[in-house]
Amino acid sequence: MQIAANNPNNKSWLNVAEGCDFPIQNIPFGVFITKDDIITIGTRIGEYAIDLGAFHQLGYFEGIPLTDDMFMQDSLNDFISDGRKTWRLVRNRIAEIFDSKNERLKNNLKHQEVIIFDVNEVEMLLPISVGDYTDFYSSKEHATNVGIMFRGAENALMPNWLHMPIGYHGRSSSVVVSGTKIRRPYGQILPAGETQPVFMPTSAMDMELETAFITTDVNNLGERVSVEEAGEYIFGMVLFNDWSARDIQKWEYVPLGPFLGKSFASSMSPWIITMDALEPFKCNGPKQEFTPLPYLQQESTENSYDIKLKASVETENGDLNLLTETNFKHLYWTMSQQLAYHTSNGCNVRAGDLLGSGTISGPTKNSYGSMLELTWGGKEPITLKDGTKRTFFNDGDHVIIRGYCKDDKVRIGFGKCTGKIMPSIEPKHIK
Ligand code: MN
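Written out as structure tokens, the structure is:
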């Protein structure tokens, strides 16, 4: 049965420009602060930010079991914890009230004044208090490319890769909302041809074009969820830039994997797009060439999503340079497989946990999701519109990731995930 809010014929009484990422069929969730310093959970239609705290107070969620302060919070964690049934009721109600045929709020200017804001007049905040952050490595193209560069073509894809969604535990404290400036990190680096490392700013500042999904409470410690059930626990998705310092990463990653080369920052887009909104864009992912063990086998089809993704860099003169275009559907391991795998040892996954896809690289050279791959380890620099070259990013570069789904009727977009690179700070205590 079609989710009411997804009806492509729905039209809002709020103006939505052609090609906008946020038609009435989207109804994402985020957290923002108004000019009057009110922090609230909200949604977005067109260029309007909608205060769901005020919306709830004024009775528009009547009949839906919600605590009074459910939306007057600085994170979505409690709402996410309420589960899919509540998310769907809330999203459907918003679709109903903002539908052009519904007169209730449309004809109440007093209510509109406290509920509806110009999106440019609010500041988006991190939408969740990130519990645990895990990053996967689920693009076969990305894993193969990095493997070739770090270990050579013979050992590119490690033997375990086709048997499990490889991942690592990331750092949640440094997950920041889109727009937050990113400081170039210092780290221990082994210069080419040297035997002694030095402590210096990274000269291999890279992006990782990813998406991430946010879960509700999945399992108690010691329990697990099956791959077929796992999708029920996923609230929604965001665009995600898992910033990486490749020179630091290269020296530190043996034998325990990524650490300080990754943990200095990861950026996420502010609006969480619900899995309900993405439902019409389900599609098949790549055929898994090796049948995984039964606990990772998915009987259902259409386990991936057709989400078009691109990354650009804006230089300080304002030029926008497209770096890559790829698609979520290239990922080899599905989100359900990632989540089932994550809980398979009994590790509990909680509401507000963030699980990154890993860099999403496509099959062709212009679809790679990192500068490491796009410039092939720095050997093939990219020339930008202003004539300057990049192997990795310079200070002042503004990296912009965008993503959207589209069919002939509806476009569901993610907005953008951006971060501008700031020069590193000379550590005072270093001689
Ligand atoms: Mn990553």
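Letter by letter, the sequence shown follows residues 2 to 432 in this note's numbering.
Here a beta-carbon is modelled for each residue, glycine too, at the ideal position from N, C-alpha and C.
On a predicted model such as this, the values are computed, not experimentally measured, just so you know.
Look at the alpha carbon of GLN58 and the alpha carbon of VAL239, and state the distance between them as a whole number of angstroms. 28 Å
Determine the direct distance from the alpha carbon of GLY378 to that of GLY194, and round the result to whole angstroms. 16 Å
Pull the bridge partners of MET206 from the DSSP assignment, please. ALA246
For ILE167 and LEU373, I'd like the C-alpha separation in whole angstroms. 19 Å
Segment limits, alpha helix (DSSP H) that includes HIS164: Premise fails: HIS164 is in no alpha helix (DSSP H) and is neither H nor E.
Can you find a heavy atom of the ligand MN that lies under 7 Å from the Cβ of GLY258? no
Starting from ILE81, trace the beta strand (DSSP E) in both directions and tell me its first and last residue. Counting along the chain, ILE81 falls outside any beta strand (DSSP E), though it belongs to the alpha helix (DSSP H) covering 78-82.
Run through DSSP, which three-state label would GLN339 get? helix
Contact belief for PHE151 with LYS251 at Cβ below 8 Å, rounded distance in angstroms: 7 Å
Verify the contact flag: GLU211, CB atom, against every heavy atom of the ligand ADP, threshold strictly below 7 Å. Inclusion of the ligand ADP in the displayed structure is not the case, the ligand content consisting of the ligand MN alone.
Please classify HIS164 as buried or exposed, where buried requires at least 16 neighbouring CB atoms within 10 angstroms. exposed
Would you please state the rounded distance, in angstroms, between the beta carbons of HIS331 and ILE361? I believe it to be under 8 Å. 6 Å
Cutoff 6 Å; reference PHE394; Cβ partners in own chain excluding five residues on either side: MET206, ILE422
Give the secondary structure of SER368 by DSSP, where H, G and I count as helix, E and B as strand, and everything else as coil. helix
Entirely within the segment 31-108 and at least 3 residues each: give me those beta strand (DSSP E) ranges in chain order. 31-34, 40-46, 49-52
At 3 residues or longer, and completely inside the segment 255-316: list those beta strand (DSSP E) runs for me, N to C. 267-269, 309-315
Among all the DSSP beta bridges, which residues are the ones paired with GLU124? ILE34
For SER101 and PHE236, what's the separation of their Cα atoms in angstroms? 27 Å
Are there any heavy atoms of the ligand MN lying less than 7 Å away from the beta-carbon of THR325, as far as the coordinates show? no
May I ask you to list the residues that DSSP assigns as paired with LYS330? For LYS330, which the question treats as bridged, DSSP gives no partner whatsoever.
Quick check on GLN197: does DSSP put it in helix, strand or coil? coil
Say the cut is 7 Å; is the CB of THR360 nearer than that to a heavy atom of the ligand MN? yes
For ALA144, count neighbouring C-beta atoms within 10 Å of its own C-beta (all shown protein chains included) and say buried if the count is 16 or more, exposed if not. buried
May I ask you to report which of helix, strand or coil DSSP gives MET150? helix
Please name the residue in LEU158, GLY258, VAL178 whose C-alpha comes closest to that of ALA266. VAL178
Could you check how far apart the C-beta atoms of ALA213 and GLY353 are, in whole angstroms? I think they sit under 8 Å. Between GLY353 and ALA213 the Cβ distance is about 12 Å, and since that is not below 8 Å, they are no contact.
Would you mind sorting TYR296 into buried or exposed? The rule is 16 or more other CB atoms within 10 Å of its CB. exposed
Would the C-beta of ASP207 count as close to the ligand MN, meaning under 7 Å from any of its heavy atoms? no
GLY148: beta carbon under 7 Å from a heavy atom of the ligand MN? no
Can you give me the C-alpha to C-alpha distance between GLU233 and ARG85, rounded to a whole angstrom? 7 Å
Below 8 Å on the Cβ atoms is my guess for GLY148 versus ASN161; work out the distance and round it to an integer in Å. So it is not a contact: roughly 12 Å between Cβ atoms.
Comparing alpha-carbon positions, which option in ASP307, LYS407, PRO281 lies nearest MET2? PRO281
Taking Cβ to Cβ, would you say VAL350 is nearer than 8 Å to ASN220? yes
Given this structure, state the Cα-to-Cα distance separating ARG184 from LYS386, to the nearest angstrom. 24 Å
Under 8 Å between the Cβ atoms of GLY54 and ILE42? yes
Tell me whether THR136, by its Cβ, gets closer than 7 Å to a heavy atom of the ligand MN. Note that residue 136 corresponds to Asp in the displayed sequence, not to Thr. ASP136 Cβ: within cutoff of the ligand MN.
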